[in-house]
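Residue numbers (the working numbering): 5 to 333. The beta carbon of each residue, even a glycine, is placed where N, CA and C say it ideally should be. Owing to the predicted nature of the structure, the values given are computational and were not obtained by experimental measurement.
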Ligand SMILES: [Zn+2]
């Protein structure tokens, strides 16, 4: 018999989000606990286990009512073997058998996948991609990632590294260095840090700008640049036009290659809405092949910060064909 609830975990560099999700994709309860990455992976895993136990206790839930634990991880994973291979922003996580450790400690089945792929599963099942079989979901934040669903199936690739759209090379000549070691990656042109860099370069040129005034003594953030654009600041608008243009160029390549029905854009920077989405749509419509864009929709993500935990819970859902666990349970 299938249990009523699953646990979804979204492992981040600063916080771990843990939620109880029901079979309709509703978050019943969610909690946040610190990652404390500097204390080592064992400590972080302990925080996950303590967090899950605490959430079960607070909600009077028994293990028999839980399907399992799905965990989204910010990096490279091997979902079939429940292995975290490498997390670029959380040091020390190299070839960690996360699913097995969680299963042993909690006596629940566990599944893991990349965090953006989890968000994609969530948006596909319950969010902006509901009802579609061919979707691309990209998240634009500190980095840029993507998840691909083709013919209703999540595409993981031969070594589970499919979807690394942030490292698509768009400007190798004259481009910036990327964390991956490459030059001119998509991520160096349109992520949160590149929006901030564009704003700071402008200020260094000695010009005054609304976003400098809005930031006061604090740092400039993509949200502040977006607010400045809302006040009509032309420089801020140009910065978003530029970021949107590069997202549009990357998506033109993706749309020509995979012909999705829907492209979903989420992540922190995407919260700026049409300010970012309008130049993305314009670029794709202008540059992609007409056959590929005929019925294409480019939509904002719907599940917000919950997409990760909702999608992670689907990894251990009994009736989900995209579930992936190496479980003995
Ligand atoms: Zn790169």
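Out of curiosity, what's the CA-to-CA distance linking residue i and residue j?
i: residue 303; j: residue 74; result: 26 Å
i: residue 104; j: residue 42; result: 22 Å
i: residue 168; j: residue 149; result: 6 Å
i: residue 12; j: residue 114; result: 10 Å
i: residue 279; j: residue 270; result: 14 Å
i: residue 138; j: residue 121; result: 14 Å
i: residue 16; j: residue 131; result: 21 Å
i: residue 101; j: residue 89; result: 9 Å
i: residue 5; j: residue 322; result: Low confidence applies to residue 5: its pLDDT is 49, below 50, so where it sits in the model is not reliable enough to give any reading.
i: residue 220; j: residue 248; result: 26 Å
i: residue 258; j: residue 91; result: 25 Å
i: residue 327; j: residue 318; result: 6 Å
i: residue 320; j: residue 229; result: 40 Å
i: residue 28; j: residue 110; result: 24 Å
i: residue 22; j: residue 97; result: 19 Å
i: residue 55; j: residue 195; result: 31 Å
i: residue 235; j: residue 242; result: 13 Å
i: residue 177; j: residue 213; result: 29 Å
i: residue 10; j: residue 188; result: 40 Å
i: residue 66; j: residue 112; result: 11 Å
i: residue 59; j: residue 289; result: 46 Å
i: residue 159; j: residue 141; result: 12 Å
i: residue 2; j: residue 237; result: Because the chain is modelled from 5 through 333, residue 2 falls outside the range shown and cannot be assessed.
i: residue 80; j: residue 161; result: 12 Å
i: residue 94; j: residue 157; result: 29 Å
i: residue 62; j: residue 136; result: 36 Å
i: residue 116; j: residue 272; result: 23 Å
i: residue 119; j: residue 232; result: 31 Å
i: residue 325; j: residue 125; result: 11 Å
i: residue 7; j: residue 313; result: 18 Å
i: residue 306; j: residue 225; result: 23 Å
i: residue 30; j: residue 309; result: 13 Å
i: residue 251; j: residue 190; result: 8 Å
i: residue 24; j: residue 107; result: 17 Å
i: residue 274; j: residue 268; result: 10 Å
i: residue 208; j: residue 183; result: 24 Å
i: residue 245; j: residue 281; result: 9 Å
i: residue 200; j: residue 72; result: 40 Å
i: residue 254; j: residue 69; result: 43 Å
i: residue 198; j: residue 192; result: 6 Å
i: residue 99; j: residue 87; result: 6 Å
i: residue 76; j: residue 14; result: 5 Å
i: residue 186; j: residue 64; result: 50 Å
i: residue 26; j: residue 179; result: 45 Å
i: residue 216; j: residue 83; result: 44 Å
i: residue 152; j: residue 311; result: 15 Å
i: residue 57; j: residue 35; result: 11 Å
So what does residue i bridge to, in DSSP terms?
i: residue 121; result: Residue 121 is not bridged to any residue.
i: residue 154; result: 157
i: residue 9; result: 26, 70
i: residue 189; result: 173
i: residue 58; result: Looking at the DSSP assignment, residue 58 forms no beta bridge with any residue, so it has no partner.
i: residue 82; result: 87
i: residue 114; result: 73
i: residue 141; result: 151, 268
i: residue 33; result: 24
i: residue 15; result: 20
i: residue 100; result: 88
i: residue 181; result: 187
i: residue 38; result: 19
When every heavy atom of ligand 2 is checked, does at least one fall within less than 7 Å of the C-beta of residue i?
i: residue 171; result: For ligand 2, the structure offers nothing, since it holds only ligand 1.
Residues passing the C-beta test against ligand 1 heavy atoms, cut-off 5 Å: 171, 182, 184, 186, 189
Ranges of the beta strand (DSSP E) found wholly within the stretch 281-333, counting only runs of at least 3: 301-304
Contact between the stretch 292-300 and the stretch 149-167 (3+ Cβ pairs under 8 Å): no
Cβ contact (3+ pairs, closer than 8 Å) linking the stretch 272-287 and the stretch 171-180: no
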